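Respectively, the protein sequence lines represent chains A and B. Residue 94, in the working numbering, is where the first sequence stops; the numbers in between run on with no holes. Residue 648, in the working numbering, is where the second sequence stops; the numbers in between run on with no holes. Note that beta-carbon positions come from the ideal geometry of N, C-alpha and C, so glycine has one too. Quantities reported herein were computed from a predicted structural model and do not represent experimental measurements.
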Amino acid sequence: MKQLFPRGQVMGFAFSLILTLVALSVIVFDLSLKMAMIILLVTAFMQAALQLVMFMHAGESEDKASIYTNVYYGLFVALVTIFGTMLTMIWGYQ
Amino acid sequence: MDYFDRFAVPHPSPAIYASMVAIGLTMLAVVVGITYFKKWGYLWREWLTTVDHKRIGIMYILSALLMLFRGGADAIMMRAQTAVPDNGLLDGQHYNEIFTTHGVVMILFMAMPFIIGLMNIVTPLQVGARDVAFPRLNAVSFWLFFMGAMLFNISFVVGGSPDAGWTSYFPLASNDFSESVGSNYYAIAIQIAGIGTLLTGINFIVTILKMRAPGMNLMKMPMFTWSILITNFIIVFAFPVLTVALALMTMDRLFGTQFFTMANGGSDMLWANLFWVWGHPEVYIVILPAFGIYSEIISTFARRNLYGYNSMVISMVAISTLSFVVWAHHFYTMGHGAMVNGIFSITTMAIAVPTGVKIFNWLFTLWKGKIVFTVPMLYSLAFIPIFTLGGVTGVMLAMASADYQYHNTMFLVAHFHYVLIPGTVFAVLAGFTYWWPKMFGFMLSEKIGKWSFWFITISFNVTFFPMFITGLDGQARRMYTYSESTGYGPLNMLSFVGAIGLAIGFALIVYNIYWSTRYASRNISNDPWDARSLEWATHTPIPEYNFAIVPTVDSTEAFWDSKKKGFKLFGGKVEKIHMPNNSGVPFIMSCIFFVWGFAMVFSMWIIAIIATLGIFACMAHRSFEKDHGRYISVEEIEETENKLRGAK
């Protein structure tokens, strides 16, 4: 019975709900824009990672290495694009 | 007739009316010709509905050649206009339209499809596969690109061409400053072609990762395949940015949103930022496959294996990563501070390091090689010094403080032509000549090929070197004329002379195709260049299933080993082969995309909505269609194989 119960999946599901609730708190509480954006970014990336690993089975096939390489590369490009744009358009703009 | 006024060209000239007539007559001649020779059925069965990667590749290359001449005609007109001071050949508006379409056509509708065409033909053969991973999707990619390109090209006779530069910066490209539908064409035609490119990216990543021949692990792939893999990664991660930016542009222009305006929280520079987040990786999308082509050609004709395989791969990966972190160097003068410019200066200069590693690897491959001076090899050898000149001037431009002097001058124009022409155009011409016998079963004339090589290489330098000088003297790019007192006249005249030489060189390539088609010997082997990679291991012409028996590989040069060391490439026996069926849906869907794009450009909403439904209907058809492909029987394979062997 113990082997049949999908413990990891249920925990993952609960965790993804919690992440959604945390993200939702941004509109419930009166947060500064900066704080809100940080919360959203962090929960969004965690949520994406959780979905990929837990429910899209990224780590369970023989292509594990190439899938993770792709994901890291995509992550790198996404972060560079977002923060690079912030840098050029806002923080570094005189 | 008010309804049809919108299709009129807003700024007509006799030349445009002449082109309208010429286009009309050409289309009529094509239709009459096909009907007269009863070729409609052949065209539909063998080409329009094909899912064969080799045929799709050939169609890509034909379209690219067509676009090369369209873009080239633009270039000649620009050089003619600026050849003498105060010239009145073109007015400012026409000049704007011409440099805009020259840029878009050459980058997106010439360089990209030429590269994608070669990658279509060669990659599945090099990895020992029977086709790409998703053959039907591949046909969708091609037809979307083709329809996007055609939509863009009709702009100059229907409604007016875009005129805000190939970068289409806001606010110039907004409705306020570009009133004609030209910039709508830009946003929508590139969007349609871009979707096709994105699909190609996914298709080839899967093909290379999942369909390699047994024994070919990643570090045993030919260098061209490596370059294609990395290129497609860049495509998949860079093109979505363009898709988003063009969608925002479309909404700004058609639906009155304010993303790139200067009011209501919009930011015009955000367009420049997004454009170059895509645009810089795009440069590497067209240049990395070129590096792959040169690696193949140099090692084939130096008769040596490629020097420093691992460092070649690592430097390409490094280039692909760095290509995403340098984009702000395209707008150093935008007004961000020294800190931002400093960061992007350093990342930009860093790209010179892996590129330099590759240059030295090619030189070391040539070192002590028995060099054979064929036409592809001549292009590759000319590439090294000319591209290095382009790269060195790139490092000059990378210095942010100095860039304030060079920004938007002819120096920049000279720099990127020095990078893109040897980097991409020479490469595709070399690759085209190199793989031509595999595609068509005869070789292009070496003699005419060498003439065109010398014409192109010398004229290229005559055209673009003077621009370095006029640029440093202060001639701005995109300036349609200048006064005599500036002193730019003589050097610009020299450029024009070079441009004519380039035109002769490209005309010679066409003549070469004509001459060789008529007179070249059909009696060539499967491996006329004595090459090293798997595409030469199959028959010429290539049977539709590529390899009767899937090859087994245990080094980067398995075919060479099989020739020289007795390595057994084809073990096992012939089995029945599963192949995909042809389909007309990709072509039909892309035609509907064309109608959709045209309707969107002119804000004809009802037609646009109907076309959108048509597109979804095609996709739904695919979802519910039961198509399991077909099998080629063993007898049929053996018959084909015997016939191809006997023809040798």
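Asked, Found
"Determine, for tyrosine 68 of chain A, whether the minimum Cβ-Cβ distance to residues of chain B falls below 9 Å.", "no"
"Report yes or no: is there a C-beta of chain A within less than 9 Å of the C-beta of serine 401 of chain B?", "no"
"Does histidine 280 of chain B come within less than 9 Å of chain A when only Cβ atoms are used?", "no"
"What separation, rounded to the nearest whole angstrom, lies between the Cα atoms of serine 315 of chain B and methionine 396 of chain B?", "21 Å"
"Taking 9 Å as the cut-off, decide whether the C-beta atoms of valine 550 of chain B and glycine 117 of chain B are in contact.", "no"
"What ranges does the alpha helix (DSSP H) occupy inside the stretch 5-52 of chain A, keeping only unbroken runs of at least 4 residues that lie completely in it?", "7-28, 33-50"
"Quick check on lysine 210 of chain B - is its C-beta less than 9 Å from some C-beta in chain A?", "yes"
"Report all residues from its chain with a CB closer than 6 Å to the CB of threonine 257 of chain B; omit the five preceding and five following residues, and keep chain order.", "Met251"
"Taking the alpha-carbon of arginine 532 of chain B as reference, which of B:Phe170, B:Gln126, B:Asp86 has the nearest alpha-carbon?", "B:Gln126"
"Can the beta-carbon of isoleucine 615 of chain B be found less than 9 Å from the beta-carbon of phenylalanine 587 of chain B?", "no"
"Please decide whether asparagine 273 of chain B counts as near chain A, where near means a Cβ-Cβ distance under 9 Å.", "yes"
"Does chain B have any CB closer than 9 Å to the CB of phenylalanine 13 of chain A?", "no"
"Which ranges does the alpha helix (DSSP H) cover as unbroken runs of at least 4 residues, wholly within the stretch 129-174 of chain B, from first to last along the chain?", "135-154"
"If you measure from the beta carbon of isoleucine 343 of chain B to each beta carbon in chain A, is any gap under 9 Å?", "yes"
"Could you tell me how far apart the beta carbons of serine 670 of chain B and glutamate 97 of chain B are, in whole angstroms, since I believe they sit closer than 8 Å?", "The requested residue 670 of chain B is not part of the displayed model; chain B covers only 1 to 648."
"If you draw a straight line from the C-alpha of valine 428 of chain B to the C-alpha of tryptophan 166 of chain B, how long is it?", "22 Å"
"Taking the straight line between their C-alpha atoms, what separation do you get for arginine 79 of chain B and glutamine 93 of chain B?", "16 Å"
"Please work out which residues of its chain come closer than 7 Å, Cβ to Cβ, to isoleucine 287 of chain B, disregarding the five sequence neighbours upstream and downstream, and give them in chain order.", "Gly423, Thr424"
"Can you give the beta carbon distance from histidine 415 of chain B to threonine 393 of chain B, rounded, assuming they're within the 8 Å contact cut?", "4 Å"
"Over what stretch of residues does the alpha helix (DSSP H) that includes isoleucine 577 of chain B continue unbroken?", "Where isoleucine 577 of chain B is concerned, there is no enclosing alpha helix (DSSP H), although the beta strand (DSSP E) it sits in stretches over 577-579."
"Hey, could you find the ends of the alpha helix (DSSP H) isoleucine 208 of chain B is sitting in?", "182-210"
"Apply the 10 Å Cβ neighbour rule to lysine 438 of chain B and answer buried if 16 or more other Cβ atoms are within range, or exposed otherwise.", "buried"
"Please identify the residue among B:Gly474, B:Ile448, B:Gly431, B:Leu378 whose C-alpha is closest to the C-alpha of glutamine 405 of chain B.", "B:Gly474"
"Going straight from the alpha carbon of serine 633 of chain B to that of isoleucine 107 of chain B, what length do you get?", "43 Å"
"If you draw a straight line from the C-alpha of leucine 248 of chain B to the C-alpha of alanine 611 of chain B, how long is it?", "21 Å"
"For histidine 330 of chain B, which residues does DSSP report across the bridge?", "Bridge partners of histidine 330 of chain B: none, in fact."
"Quick test of your reading: serine 445 of chain B and tryptophan 536 of chain B, contact by CB under 8 Å. State the CB separation rounded to the nearest angstrom.", "With a Cβ gap of about 20 Å, serine 445 of chain B and tryptophan 536 of chain B do not count as contacting."
"With a 10 Å radius around its C-beta and 16 neighbouring C-beta atoms as the bar for buried, classify phenylalanine 224 of chain B as buried or exposed.", "buried"
"Assign histidine 336 of chain B to one of three DSSP states: helix, strand, or coil.", "strand"
"Using the DSSP secondary-structure output, state which residues sit across from threonine 409 of chain B in a beta bridge.", "B:Ala476"
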